[in-house]
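Inspection log for the structure reproduced underneath, given as C-alpha cells.
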Amino acid sequence: MYKNFMLAFFIILVAGCSSPIRVLDQSEQKLINYPQVGEVVSKKIGDVILAKGIQTFGEAAKVIAETQFNKKDGESSMMTCALSVVPDTAYMRGVYETKSTSADCYGPVLFRRTLADGNTNWNCPGNPLIIGDICKEQDGKIFLAIASHKTYLKQDFENIKFSKMVIKGKDNFVQEIIYNGRSGNNVKFVYRELSESLVKPIFFQELEYDISQSQIVNFKNVSIEVVSATNTDINYRLISNF
16 MYKNFMLAFF IILVAGCSSP IRVLDQSEQK LINYPQVGEV VSKKIGDVIL AKGIQTFGEA
76 AKVIAETQFN KKDGESSMMT CALSVVPDTA YMRGVYETKS TSADCYGPVL FRRTLADGNT
136 NWNCPGNPLI IGDICKEQDG KIFLAIASHK TYLKQDFENI KFSKMVIKGK DNFVQEIIYN
196 GRSGNNVKFV YRELSESLVK PIFFQELEYD ISQSQIVNFK NVSIEVVSAT NTDINYRLIS
256 NF
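Here the sequence shown is numbered in the numbering used here, starting from 16 and rising by one per residue.
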C-alpha cells in the first residue's frame, strides 16, 4: 500500500514539474500534381490516373497494442506497477533534452497503472488515464516521459512502430480520378476527394464518357485525351489538371 501511494504521489508530483521536451514542428507539406501535362501515361483499372492537392506528413509513433513500460516480461509486480500505454498514434512534437541525453518525443499518449502483463489488481487498478510522451533516444532506447521523469521500455518492443505518416487534422486535401474500366464505347472513372487521414474519401462520384463522340474527357478543370482504352488498361494524355 505504501509503495502504491508513493507511485501515485510521484506521478502527481512529476506531472506538475516542467518538461524538458523542447517543442518543435517538423511536419512537412507535399504538393501533389500528377501527371505532367502532355505526358502519355499508361494505367490499369483501379489505378489513380491523376491527382492534385496537398498532404502534411510527420514522424509518428504508432502503439499497436497496449504496451507496458517499467517492467520486463514476467517480472513480478504485486507491489509495484507497470505504466501501460494504450493503443494510439502520436506525432513527433519535440525533443527531450538534458545535459546527458537527447531523444525525439511523440505525444501526447495516455497510460495507466497495471501489472507487468497488463492486468490489474487492487494495487495497480488501471485508472485513471495519465498523459505522457513516448521518446526514442539516438541509440534506439525507448522511454515514457512524464514531465522530467523517464520510464524505459523493457518488453514488447514490436508494439511500437516509428514511421512517417499523414498528420490528421492538418492541411490535407487531395482530388483524384481513378480509372474504372470500359464498356463498349464508354470509359468509366471515379472522382474522389480525400481529407484528414487521406484514407477514407469524403466525397466520390462515378463518371462515364462516350469516347466514340470525342477522345477528350472533361470534368471540372480536368481535361484528358484518351489515347486508347480497354476494360483493364488506359493510355491517356493530361491536358489540364484540377
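The C-beta atom is built at its ideal place from N, Cα and C for all residues, glycine as well.
Exposure of residue i, with buried meaning 16 or more beta-carbon neighbours within 10 Å
i    : result
N187 : buried
G147 : buried
L253 : buried
L28  : No answer about L28 holds up, because its pLDDT of 42 lies below 50 and its placement is not dependable.
Y106 : buried
F126 : buried
D3   : Since the first residue shown for the chain is 16 and the last is 257, residue 3 is missing from the structure and cannot be characterised.
M21  : The predicted model places M21 with a pLDDT of 43, which falls under 50 and marks its position as unreliable; any figure quoted below should be read in that light. Exposed, because fewer than 16 other Cβ atoms sit within 10 Å of the Cβ of M21.
Residues bridged to residue i [DSSP beta-bridge criterion]
i    : result
V242 : DSSP output for V242 lists no bridge partner at all.
P216 : L209
F234 : V237
I192 : L65, Y206
Residue i: first and last residue of the uninterrupted beta strand (DSSP E) it sits in
i    : result
L159 : 157–161
T129 : 117–129
L46  : 43–49
V55  : 55–59
E81  : Looking at the DSSP string, E81 is not in any beta strand (DSSP E), and its letter there is neither H nor E.
D248 : 248–255
F172 : Counting along the chain, F172 falls outside any beta strand (DSSP E), and DSSP gives it neither H nor E.
I146 : 145–152
Residue i and residue j closer than 8 Å at C-beta
i    : j    : result
E81  : S99  : yes
A76  : A97  : no
V63  : N250 : no
K165 : I157 : no
S255 : V237 : yes
Y49  : L39  : no
Integer-rounded CB distance, given that residue j should sit under 8 Å from residue i
i   : j    : result
V78 : V124 : 7 Å
I36 : K67  : Not a contact, Cβ separation roughly 37 Å.
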